[in-house]
Amino acid sequence: MVLSSYTRIVIQKPGSPAQPPKSTPPSNSTPVYAPSGSTSSTTTVSSPSTPSTASTRIATSPSGPISTSDQLRPMENAYIKDITTTISVTSETLMGSTPVSNQQTRVMIPMSSTVISKRDGGLRWCDRCNYVKPDRCHHCSECDKCVLKMDHHCPWVNGCVGYNNYKFFFLFVLYTALYSDFIFAATIAIIAQQLSDKEDLDIQWIILLILAFLFGILLTGFTLVHLTSMLKNRTTIESISHRKRQYHVRVQFDANNPLCYGVATTRQGENLWDLGWSDNWKSVMGTKWWLWFLPFGSPPGDGLVYPYNPPIRDRLIEEARINAQINEDRIAFRMQQAQIPRLQT
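Per this note's numbering, the very first residue in the sequence shown carries number 1278; after that it's consecutive.
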């Protein structure tokens, strides 16, 4: 199991926005069908930080199942349409560089009605990869690419651990820890037997006991740390300074209008993706219990969109609506103030 898990880590890459893994049903999904004639929008972003330069193109999509991450709750019906927004990015236009050829590079990334953003609501942009970064995606300086749900870069596997291979990494650490603990316990029994028989102790057993103890205590602790993070639905990156960490969440109220959005900020230490320990476990290990401890299967979802904690998401949507209304009123007031001198002249 140790070798099988390690092999899966090396072979199965964590996934990136450019090459996302094949989508699988989410762990808590129930098929929801969009009404006939529903639309999906394609937003062409022309600047990585300025949302006001975006334009919208409408395209009709057939009816079909949508993931629960995009499923609307009752309080959202008045604010957000039940669709999936798609970001279409032209790298040459965004970066202001001169195209090498007449062909343009476009990247289509699904974006739910709520997404992690910058403070001003601008989409998170990777200057190295020229991609919009989905939630929980980070750029690895060692691999020089963006990694979906990046946990950490592991030199032992010569790559990153993330969305698509975190399960195999956890199983590898778990089985290695159990193997070390078993060797430690077995070695103690052998040494105790030799002492009871008043035989000379073999130095090799002593060395093996020390090594098994060191590896066992380190790997067992490592396993418990990752198990705790998994049950809280946090990655290693998200666990760093999590008590003070805050996220800015962009809420798209109208998918047909890229400028119709609001921004809300999470509270310090708030975990957006905590769905309860059971769903948190299934989001990594899968929905089939007989595959939980086997290095097979794939995590649910597509690695691009992750469901938020329902109460937190509902509160953020309401706060974003209020903030958007305040900003709109402020802009309208400034426009009125600017027109007063003109009317007086």
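Don't be surprised by glycine CBs; every beta carbon is placed ideally from N, CA and C. Bear in mind that the values here come from a model prediction, so they are computed numbers and not experimental data.
Sequence-distant partners of glutamine 1471 (beyond 5 residues in either direction) whose C-beta falls short of 7 Å from its own C-beta, in its chain, are Leu1478. A straight-line Cα-Cα distance of about 52 Å links phenylalanine 1461 and serine 1390.
Fewer than three pairs of CB atoms, one per stretch, sit closer than 8 Å, so the region 1533–1543 makes no contact with the region 1491–1498.
Annotated three-state conformation of isoleucine 1393 is strand, per DSSP. Under the 10 Å beta carbon count, phenylalanine 1459 is surrounded by fewer than 16 other beta carbons and is classified as exposed. Around isoleucine 1468, the same chain offers Leu1478, Trp1482, Ile1483, Leu1486 as residues with beta carbons nearer than 8 Å, after the five sequence neighbours per side are excluded. Collapsing the DSSP output to three states places glutamine 1529 in a strand. For the options Gly1292, Arg1401, Val1279, the alpha carbon positioned closest to that of proline 1576 is the one of Gly1292. Nearest to leucine 1552 by C-alpha distance, out of Met1507, Val1424, Gln1523, is Met1507. DSSP places lysine 1559 in the uninterrupted alpha helix (DSSP H) bounded by 1554–1562. Around the beta-carbon of alanine 1609, fewer than 16 other beta-carbon atoms lie within 10 Å, marking it exposed.
Just so you know, the alpha carbons of valine 1409 and lysine 1422 end up roughly 12 Å apart. The DSSP-derived three-state label of alanine 1295 is coil. Pairing leucine 1581 with proline 1294, the inter-Cα distance amounts to about 7 Å. Between the alpha carbons of valine 1287 and arginine 1520 lies a distance of about 33 Å. The continuous beta strand (DSSP E) containing threonine 1542 extends over residues 1538–1542. Distance between aspartate 1397 and arginine 1611, taken at the CA atoms: about 19 Å.
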